[in-house]
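Per the working numbering, the sequence shown starts with residue -5, numbered consecutively. Quick reminder that beta carbons are idealized off the backbone N, C-alpha and C, glycines included. Note that the structure is a prediction, hence the values are computed from the model and not measured. For reference, the structure discussed in these notes is given below.
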Amino acid sequence: MRIDLKKSVELLKAGRVVAIPTETVYGLGACINFPEAVESIFTLKGRPQDNPLIIHLAEARQLDRYVLKKVPDLQLLTEVFWPGPLTLVAPIKTDRVPSSVRAGLPTAAFRVPMMQTTRDVIKKTGPLVMPSANLSGSPSATHPMHVESDFGQEFPVLDGGFCSQGVESTILHYGKNNKWEVLRLGALPAEAFIDVLGYRPEVIVRPPEQPPICPGQKYRHYAPQATLHLCLSQKEIQGSPIIGYEDRTYPENAFLVPLGRSTDPETVARNLYSALRTIDDKGYKEAWIDLDVPHTGLWLTIIERLQKASQ
Ligand code: TXA
Ligand code: MG
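Here you go:
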């Protein structure tokens, strides 16, 4: 059910869960201090309790209420990248964040979304916890119809149209080696931080035998029902449908799900989850993905999502 901003605020303040648009993906929002609403987020999504939630703020200065100590460059990162698709993990005053939100960790994840509508809601409700508005394991929702497909037509969604970025926020934390590290690649590539930090934060890939720093890493993600074949060279494409690019030629009889131009990763990111959902909606049991693309910048986020989706 599509609802307006006023109704969304009303429901959230009454302790209900509402799907809210952000520039990255739609979120399942609940007020941070409504334990039952937070609880129902986990139930609705089928999300494991040990996977903590991101706290969404209306403005950066709200962070002061939560953080225990300012780690180096935390302030600077918020000044440069907020509002925007960056999530920062920081040590917190644990009594200020319910344990269920942070999965019992002494840290919590924060972001100030770029989309004005999102911040307008949060200004009225106070901080919202929001995981992506999809069933656990499925591709994230980048349009209200995706939310409705996962949670039913009656589920309340604030309609913000298509998300402008289309992939989740990038998550950074301050690591043991006294440097910021990327816990999850996202809408901001690792290169985006070089000018500000003076180095490219390392992208942490968890060795399988170690417990994850970012609990979300250990779960299957972003996956459609169909089997996905990732093709690092165009020669590997051996069937149809093909998730590919408008500016490339594929076998004439193949069904193409276009992601955009192969020179435009921003558009590709924006269309990515919709494309994965299209494969299932059309009833295909498998699909070939043209991943003959550069291994730099935002492409690395796109590649990572598709690798997870194909596992
Ligand atoms: O773009 C986004 O970030 C979207 C929109 C709705 O804001 N939200 C989103 O939330 O992607 P979710 O729940 O799907 O992913 C949150 C990720 C999980 O992988 C979780 O493990 C990690 O953030 N996370 C949360 N708190 C953490 C913490 N204290 N330490 C490490 N990782 C944390
Ligand atoms: Mg998610």
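Beta-carbon gap between residue i and residue j smaller than 8 Å
{"i": "P100", "j": "V61", "result": "no"}
{"i": "F104", "j": "L51", "result": "yes"}
{"i": "L166", "j": "L177", "result": "yes"}
{"i": "P133", "j": "Y239", "result": "no"}
{"i": "D153", "j": "P138", "result": "yes"}
{"i": "F187", "j": "A13", "result": "no"}
{"i": "P218", "j": "A135", "result": "no"}
{"i": "D44", "j": "A97", "result": "yes"}
{"i": "Q147", "j": "M(-5)", "result": "yes"}
{"i": "F28", "j": "G40", "result": "no"}
{"i": "A102", "j": "I35", "result": "no"}
{"i": "L47", "j": "V11", "result": "no"}
{"i": "Y168", "j": "V65", "result": "yes"}
{"i": "E324", "j": "L294", "result": "Nothing in the structure corresponds to residue 324, since the chain is present only between -5 and 305."}
{"i": "R271", "j": "H140", "result": "yes"}
{"i": "I26", "j": "V151", "result": "no"}
{"i": "V287", "j": "A269", "result": "no"}
Residue(s) in a DSSP beta bridge with residue i
{"i": "H223", "result": "W282"}
{"i": "R264", "result": "R264 pairs with nothing; no bridge assigned."}
{"i": "V251", "result": "I237"}
{"i": "V3", "result": "None, per the DSSP bridge assignment."}
{"i": "V12", "result": "G23"}
{"i": "R242", "result": "Note: R242 sits in no beta bridge, so no partner."}
{"i": "I116", "result": "BP columns for I116 are empty, so no partner."}
{"i": "I(-3)", "result": "L152"}
{"i": "R105", "result": "H50"}
For residue j and residue i, believed in contact at Cβ under 8 Å, the rounded distance
{"i": "V32", "j": "P92", "result": "7 Å"}
{"i": "L285", "j": "I273", "result": "Incorrect: roughly 15 Å between the Cβ atoms, too far for contact."}
{"i": "L224", "j": "Q301", "result": "7 Å"}
{"i": "K87", "j": "V3", "result": "At roughly 27 Å, the Cβ-Cβ gap does not stay under 8 Å, so K87 and V3 are not in contact."}
{"i": "S307", "j": "R264", "result": "Any question about residue 307 goes unanswered here, given that the chain covers just -5 to 305."}
{"i": "L82", "j": "L68", "result": "7 Å"}
Residue i: CB within 7 Å of a non-hydrogen atom of the ligand SAM
{"i": "S132", "result": "Annotation note on the ligand SAM: not contained in the displayed structure, which lists the ligand TXA and the ligand MG as its ligands."}
| said: Assess contact between the segment 239 to 257 and the segment 187 to 198, defined as three or more Cβ pairs (one per stretch) separated by less than 8 Å. Is contact present? | reply: No: the two stretches stay apart, fewer than three of their Cβ pairs being nearer than 8 Å.
| task | Would you check if there are 3 or more beta carbon pairs closer than 8 Å linking the segment 9 to 26 to the segment 107 to 120? | result | Yes: at least three Cβ pairs fall under 8 Å.
| task | Within the segment 121 to 202, note down every full alpha helix (DSSP H) run reaching 4 residues or more, in order along the chain. | result | DSSP runs (the alpha helix (DSSP H)) wholly in the segment 121 to 202: 138 to 145, 188 to 191.
| Where in the segment 19 to 102 do unbroken runs of the beta strand (DSSP E), each at least 3 residues long, occur, reported from the N-terminal end onward? | Listed in chain order, they are 21 to 25, 48 to 50, 80 to 85.
| Okay, do the segment 157 to 166 and the segment 174 to 191 touch, 3+ Cβ pairs below 8 Å being the bar? | Counting Cβ pairs under 8 Å, three or more are found: they touch.
| request: Could you tell me whether the segment 279 to 295 touches the segment 231 to 240, where touching means 3 or more Cβ pairs closer than 8 Å? | output: Output reads yes: the segment 231 to 240 touches the segment 279 to 295.
| message | Is it the case that the segment 20 to 33 contacts the segment 119 to 138, given that we only count it when at least three CB pairs across the two stretches are under 8 Å? | response | Flag = yes, the segment 119 to 138 and the segment 20 to 33 touch.
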